[in-house]
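Enquirer: With the first letter of the sequence shown counted as 1, position 16 gets the number 16 in the UniProt record's numbering; the numbers rise by one all the way through. I have a structure I would like to understand better, so I am pasting it below and will then ask my questions one at a time.
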Amino acid sequence: MVRAVVELSLRFLPDMVKQGKGGILNVGSTACYQPVPYTSMYAASKALTLSWSQAIREEQRHNKTGVRIAQVVPGVTKTNLDGKGHGERRAPIELVGVDKPADVAKVAADAYEENAAAKVVGWNNTAFHTVMNTLPDSAKATLVSASRGKPTKDDKM
1 MVRAVVELSL RFLPDMVKQG KGGILNVGST ACYQPVPYTS MYAASKALTL SWSQAIREEQ
61 RHNKTGVRIA QVVPGVTKTN LDGKGHGERR APIELVGVDK PADVAKVAAD AYEENAAAKV
121 VGWNNTAFHT VMNTLPDSAK ATLVSASRGK PTKDDKM
């Protein structure tokens with residue numbers, strides 16, 4: 001799941017460093033901040049993307065390469081995907097809010113311009129992240145699992 005993020009970054013980063021300019025914008029997910037039962041590989045891949053992006057961002061800053069490494073962190077976003085297997089049909093998402101693609105794109109552009117380590121999309125996702133940070137990981141997993149519900153037989157795992 002993260003192979004493309006890492007391989008493409010490593011493929012183009014050396015040329016950007018040589019030129020002293022350029023950048024990489026990675027797309028994360030609020031799933032990176034807590035365990036997400038039933039979509040654990042997705043959440044884990046987003047956690048790796050966040051950690052890896054922040055690490056190579058610091059390397060570029062420390063070495064004064066002039067290369068930006070930024071990350072945008074949206075929550076559930078309204079797309080043409082049907083959401084099967086990801087919990088969107090099982091969860092009370094309306095209570096949290098669904099990001100609009102245009103809003104995600106605007107925050108992504110801002111994140112790149114600001115060279116943001118991780119820019120969360122929307123007040124709702126920021127508030128959720130802040131609250132979740134106060135809980136132990138075991139409580140996060142229980143809360144997320146309860147809010148999403150168990151997958152149905154129609155959900156793809």
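Note that beta-carbon positions come from the ideal geometry of N, C-alpha and C, so glycine has one too.
Specify whether the stretch 66–80 and the stretch 95–107 touch according to this definition: at least 3 beta carbon pairs, one from each stretch, less than 8 Å apart.
Expert: Yes, the stretch 66–80 is in contact with the stretch 95–107.
Enquirer: Return the chain-ordered ranges of every beta strand (DSSP E) run that is complete within the stretch 24–93 and spans a minimum of 3 residues.
Expert: Segments of the beta strand (DSSP E) lying fully in the stretch 24–93: 68–73.
Enquirer: DSSP state of residue 2, grouped into three classes?
Expert: On the sequence shown, position 2 is the one that residue 2 refers to. Residue state, collapsed to three classes: coil.
Enquirer: Within its chain, find whatever has a CB closer than 6 Å to the CB of residue 62; leave out the 5 residues flanking it on each side and keep chain order.
Expert: Position 62 of the sequence shown, counted from the start, is the residue given in the question as residue 62. Result list for residue 62: empty, nothing under 6 Å.
Enquirer: What did DSSP end up calling residue 106 once you bin it into helix, strand or coil?
Expert: Residue 106 sits at position 106 when you count from the first residue of the sequence shown. Residue 106 falls in the helix class under three-state DSSP.
Enquirer: According to the neighbour-count rule (16 or more other Cβ atoms, all chains shown, within 10 Å of its Cβ), is residue 26 buried or exposed?
Expert: Sequence index remark: in the sequence shown, residue 26 carries index 26 (1-based). Buried.
Enquirer: Could you spell out where the alpha helix (DSSP H) holding residue 126 opens and where it closes?
Expert: The residue given as residue 126 occupies position 126 in the sequence shown. Per DSSP, residue 126 belongs to the alpha helix (DSSP H) from 123–132.
Enquirer: Would you give the residue range spanned by the alpha helix (DSSP H) that residue 140 belongs to?
Expert: Locating residue 140 in the sequence shown gives position 140, counting from the first residue. Run containing residue 140: 137–148, per the alpha helix (DSSP H) assignment.
Enquirer: Residues in its own chain within less than 8 Å of residue 35 by CB, not counting five upstream and five downstream?
Expert: Your numbering for residue 35 matches position 35 in the sequence shown. For residue 35, where only same-chain residues beyond five positions count, the Cβ hits under 8 Å are 43, 137, 140, 141, 144.
Enquirer: Specify the secondary structure class of residue 17 as computed by DSSP and reduced to three states.
Expert: Reading the sequence shown from its first residue, position 17 is the one you call residue 17. It is helical.
Enquirer: Taking residue 23 and residue 112 to be in contact with their CB atoms under 8 Å, please state how far apart those CB atoms are, rounded to whole angstroms.
Expert: Against the sequence shown, residue 23 aligns to sequence position 23. Against the sequence shown, residue 112 aligns to sequence position 112. That pair is a contact at about 6 Å.
Enquirer: For residue 33, which residues of its own chain have a beta-carbon under 7 Å away from its beta-carbon, when the five flanking residues on both sides are left out?
Expert: In the sequence shown, residue 33 corresponds to position 33, counting from 1. So the list reads 129, 132, once near-sequence residues are dropped.
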